[in-house]
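Undergrad:
Number of protein chains: 2
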Amino acid sequence: MIMHRPDDLLVLFEHKLQAEIIRKEPQSLYDPANYILSLGGKRIRPVMLLMSCELFGGRAEMALDAAMGIEMFHNFSLVHDDIMDRAPMRRGKPTVHEKWNANTAILSGDTMLVLAYRYFQRLSPHIQGPVLNVFSQTAMEVCEGQQYDMDFESDDRVSLEEYLEMIRLKTAVLLAASYKIGAIIAGADSGPQEDLYDFGLMSGMAFQLKDDLLDTYGDEKTFGKRIYGDILANKKTFLYLKALELANPQQKDILYHHYSGKSVHPEEKVKAVLTVFNQLDVQHHTENKILEYYQKALDRLEHLEAGPGNKMLVREYTSKLMGRSH
Amino acid sequence: MIMHRPDDLLVLFEHKLQAEIIRKEPQSLYDPANYILSLGGKRIRPVMLLMSCELFGGRAEMALDAAMGIEMFHNFSLVHDDIMDRAPMRRGKPTVHEKWNANTAILSGDTMLVLAYRYFQRLSPHIQGPVLNVFSQTAMEVCEGQQYDMDFESDDRVSLEEYLEMIRLKTAVLLAASYKIGAIIAGADSGPQEDLYDFGLMSGMAFQLKDDLLDTYGDEKTFGKRIYGDILANKKTFLYLKALELANPQQKDILYHHYSGKSVHPEEKVKAVLTVFNQLDVQHHTENKILEYYQKALDRLEHLEAGPGNKMLVREYTSKLMGRSH
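Residue numbers (the numbering used here), protein chains in the order written: chain Z, 8 to 333; chain S, 8 to 333.
(1) Who are the Cβ neighbours of residue 254 of chain S in its own chain at under 7 Å, not counting the five residues just before and after it?
(2) Residue 121 of chain Z versus chain S: which residues are under 8 Å apart at the beta carbon?
(3) Thinking C-alpha only, which one of S:77, S:250 and S:317 is nearest residue 165 of chain S?
(4) To be precise: take each residue of the region 126-138 of chain Z, compare its Cβ to all Cβ atoms of chain B, and keep it if any distance is under 7 Å. Which residues remain?
(5) Would a C-beta distance cut-off of 8 Å place residue 127 of chain Z and residue 73 of chain Z closer than the cut-off?
(6) Quick one, which of Z:196, Z:294 and Z:176 has its alpha-carbon nearest residue 144 of chain Z's?
(7) Looking at C-alpha atoms only, which residue of S:330, S:33 and S:298 is the closest neighbour of residue 149 of chain Z?
(8) Of the residues S:87, S:15, S:185 and S:244, which one's Cα is nearest the Cα of residue 40 of chain S?
(9) So, for residue 167 of chain S: in the same chain, excluding its five sequence neighbours on each side, which residues have a beta-carbon less than 8 Å away from its beta-carbon?
(10) Quick check on this structure: which residue in Z:301, Z:213, Z:259 and Z:57 has the alpha carbon closest to the alpha carbon of residue 185 of chain Z?
(11) Spell out whether any CB of chain Z is found under 8 Å from the CB atom of residue 55 of chain S.
(12) Taking Cβ positions, are residue 199 of chain S and residue 313 of chain S nearer each other than 8 Å?
(13) Which residues in chain S sit within 7 Å of residue 33 of chain Z, going by Cβ to Cβ distance?
(14) If you run the structure through DSSP and keep just helix, strand and coil, what is residue 125 of chain S?
(15) Which residue from Z:132, Z:89 and Z:79 puts its Cα closest to that of residue 153 of chain Z?
(16) Return the first residue and the last residue of the alpha helix (DSSP H) that residue 192 of chain S is part of.
(17) Among Z:95, Z:237 and Z:212, whose alpha-carbon lies nearest the alpha-carbon of residue 295 of chain Z?
(18) Which chain Z residues are close to residue 75 of chain S, counting only those with a beta carbon under 8 Å from its beta carbon?
(19) Look at the alpha carbon of residue 130 of chain Z and the alpha carbon of residue 192 of chain Z, and state the distance between them as a whole number of angstroms.
(20) Looking only at its own chain, which residues have a Cβ that is under 7 Å from the Cβ of residue 7 of chain S, when we skip the five neighbours before and after it?
(21) Have a look at Z:151, Z:226, Z:98 and Z:197 and flag the residue whose alpha-carbon is nearest the alpha-carbon of residue 340 of chain S.
(22) Skipping 5 residues on each side, what residues in its chain have a beta carbon closer than 6 Å to that of residue 1 of chain S?
(23) Below 8 Å on the Cβ atoms is my contact criterion, and I expect residue 278 of chain Z with residue 270 of chain Z to pass it. Report the Cβ-Cβ distance as a whole number of Å.
(24) For a contact meaning CB atoms closer than 7 Å, what does residue 140 of chain Z contact in chain S?
(25) In three-state terms, what does DSSP make of residue 319 of chain Z?
(26) Taking C-beta to C-beta, are residue 120 of chain Z and residue 83 of chain Z nearer than 8 Å?
(27) Would you tell me roughly how many angstroms separate the C-alpha atoms of residue 221 of chain Z and residue 303 of chain Z, rounded to the nearest one?
(28) Excluding sequence positions up to five away, which residues of its chain have a Cβ less than 8 Å from the Cβ of residue 182 of chain Z?
(29) With a cut-off of 8 Å, does the C-beta of residue 241 of chain Z fall near any C-beta of chain S?
(30) Considering only residues of the same chain and omitting the five flanking positions on each side of residue 324 of chain Z, which have a CB-CB separation below 6 Å?
(31) Taking all protein chains shown into account, do 16 or more other C-beta atoms lie within 10 angstroms of the C-beta of residue 59 of chain S, making it buried, or fewer, making it exposed?
(32) In three-state DSSP terms, what is residue 259 of chain S?
(33) Which residue comes first and which comes last in the alpha helix (DSSP H) that contains residue 303 of chain Z?
(34) Would residue 23 of chain S and residue 75 of chain S be called neighbours here (beta carbons separated by less than 8 Å)?
(35) Reducing DSSP to helix, strand and coil, say where residue 100 of chain Z ends up.
(36) For residue 94 of chain S, which of helix, strand or coil comes out of DSSP?
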């Protein structure tokens, strides 16, 4: 069977999303859900889920409810994370707690989490159990990742290893679960399911590290986000933690000083931190780590039993996401 | 089969709860969940669920995971509601967002909602689907009820009917679902399932109206909560809305004035509102409404096909909850 291209799967999913707009009372609860889902984004999780279903011979249409479930869950986590991070904007628009208020954002988020489950509950009974097990396990891990992320803000002794575990939980497991759920729906065996899960996990790690890299070394025009946001917010990213690991005592002092909150001039701060990063070749180290994860991901995909043409579509999609400058 | 008495079911459930204390990392995420669950309470939802399972010939042990799921969900809703209501205390102890902070309360609450699902996912496959359908539907309704409750704060035209619909969603459906899930686990037919659901719904309405009544006409010593809390907080309870319905223009003015936030002396406010309530015999009207729901509940129970001795235990438990002065 010939697979849809990712762009076609995206169109298919956007149609589904349109058909699923919630027109229930109270509007004050459901409008924020419709709003955040309408802000767009690349919809990479549902596309991965649909792609994985087709990779194992399933029809994408069989997996559309599950794709909605994954996207609903992802958007639930955005709404609640934005409250916790006090983020004013998301995709160029006001966040839910800004447009409405924090209470509405909490409660609409809760409802979206329940709605996510309801989409998975539409699956036929024999696959519903296994899919729900993957989903609940993943949802717990995403919460754990967000908690570690918050805990790290006030922890001066975060290790590189702990950081990698945090992004595994906060970001990578949901991509991995998207692939795995698609495979379960298509009726794939557990071996290939796990291979594709690991592929998603490793490529997810690579995506997140790439994101860290672009925040400091990307081009603001194409990257879109305000550059140096992580440095200005004292975020303990891979770049910062790698720099700390490699720094001599003098460089360490500079980094600690500027990440202590005592640094008052943003431009001076960025300049000083960048100087240390460049002295220690942090960009190169991060690129190496990204390639390491990317290679691990490709090895897993290579190992996977599926048609070579179909695997190529998955590889192309991943490489497009990796190579993105925005 | 002889049923356990409610007190014995409570002991059984408390043992289960002890065995389920979460000892996972990050503690900062799971400690608040353990904390709120340890604060006690009457555990009426799990007891109802276990009782219902036994009513239809099931063993309470079969339903312990589901009972945990219901109690976990209830406590999730308490944690998030307390943030939204800015409540400093719960059962005489600091609320989660007070003891930790709002972010921790949001995220721990989210995790508890996922954990609730995980308990239901432990049920055997053939009952998991029906139970999850009831649970998700109920969880949505509880969120809708909380949203209406918040919306009503800034709405001056709430009707008695809308208020009753709000408490049905916010409070009664979860009691009804507890009974129904117990019945599903025991393998009861859909007729008796629905009868017991309606019994839970009607008695839940009676409980909530009794709660409204006690806040104004209860004895502070035995009721425990600060009396007149609803009046002081301008809560549009059954009592207030009934009074508005019956009031003459002069009495309406008094009520509107004191619920407008312009009333500055708490004692004067309570005195003025109480005077109008008493003139209109609001206490009596509320008691009548409670009895109406209670009678409907008993009629449903009467209609239910189950052993008369076992039904008596359910009736006694309900009447004990109704007659409670605390």
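Ideal Cβ placement from N, Cα and C applies to all residues, glycine included.
TA: In brief:
(1) Take residue 254 of chain S, set aside five residues on each side of it, and the residues of its chain with a beta-carbon closer than 7 Å to its own are 262, 283 and 287, in chain order.
(2) Among the residues of chain S, those whose CB is under 8 Å from the CB of residue 121 of chain Z are 120, 143, 146, 147 and 150, following chain order.
(3) Put simply, of S:77, S:250 and S:317 the residue whose alpha carbon is nearest the alpha carbon of residue 165 of chain S is S:250.
(4) As a matter of chain content, chain B is missing from the structure shown, whose protein chains are Z and S.
(5) Yes, the Cβ-Cβ distance between residue 127 of chain Z and residue 73 of chain Z is below 8 Å.
(6) It is Z:176.
(7) With respect to the C-alpha of residue 149 of chain Z, the residue from S:330, S:33 and S:298 having the closest C-alpha is S:33.
(8) Out of S:87, S:15, S:185 and S:244, S:87 has the C-alpha closest to the C-alpha of residue 40 of chain S.
(9) Around residue 167 of chain S: 245, 248, 249 and 252.
(10) With distances taken between Cα atoms, residue 185 of chain Z lies closest to Z:57.
(11) Not one chain Z Cβ lies under 8 Å of residue 55 of chain S.
(12) Cβ atoms of residue 199 of chain S and residue 313 of chain S: closer than 8 Å.
(13) Correct list: 151, 154, 155 and 158.
(14) In the structure shown, residue 125 of chain S sits in a helix (DSSP, three-state: H, G or I).
(15) Of the candidates Z:132, Z:89 and Z:79, the one whose C-alpha sits nearest the C-alpha of residue 153 of chain Z is Z:89.
(16) Segment 180-193, the alpha helix (DSSP H) holding residue 192 of chain S.
(17) The candidate whose alpha carbon is nearest that of residue 295 of chain Z is Z:212.
(18) Going along chain Z, no residue has its Cβ under 8 Å from residue 75 of chain S, so there is no contact; the nearest lies around 14 Å.
(19) Going from the Cα of residue 130 of chain Z to the Cα of residue 192 of chain Z covers about 8 Å.
(20) Not covered by the structure: residue 7 of chain S. The range shown for chain S is 8 to 333.
(21) Residue 340 of chain S lies beyond the stretch modelled for chain S, which goes from 8 to 333, so this question has no answer here.
(22) Residue 1 of chain S lies beyond the stretch modelled for chain S, which goes from 8 to 333, so this question has no answer here.
(23) Contact between residue 278 of chain Z and residue 270 of chain Z is ruled out by a C-beta separation of about 11 Å, above the 8 Å threshold.
(24) Neighbours of residue 140 of chain Z on chain S, chain order: 128.
(25) The DSSP-derived three-state label of residue 319 of chain Z is helix.
(26) Contact: yes.
(27) Rounded to whole angstroms, residue 221 of chain Z to residue 303 of chain Z spans 21 Å at the Cα level.
(28) If we look at residue 182 of chain Z and ignore the five residues flanking it on each side, its Cβ neighbours are 51, 52, 55, 207, 208, 210, 211 and 214.
(29) Chain S contact via Cβ: absent.
(30) Within its own chain, the residues whose Cβ lies closer than 6 Å to the Cβ of residue 324 of chain Z, once the five positions on either side in sequence are excluded, are 13, listed in chain order.
(31) Only buried fits residue 59 of chain S, as 16 or more other CB atoms lie within 10 angstroms of its CB.
(32) Helix, per DSSP.
(33) Annotation for residue 303 of chain Z: the continuous alpha helix (DSSP H) segment containing it runs 289-310.
(34) Result yes, Cβ atoms of residue 23 of chain S and residue 75 of chain S sit closer than 8 Å.
(35) For residue 100 of chain Z, the secondary structure class from DSSP, reduced to helix, strand or coil, is strand.
(36) Coil, per DSSP.
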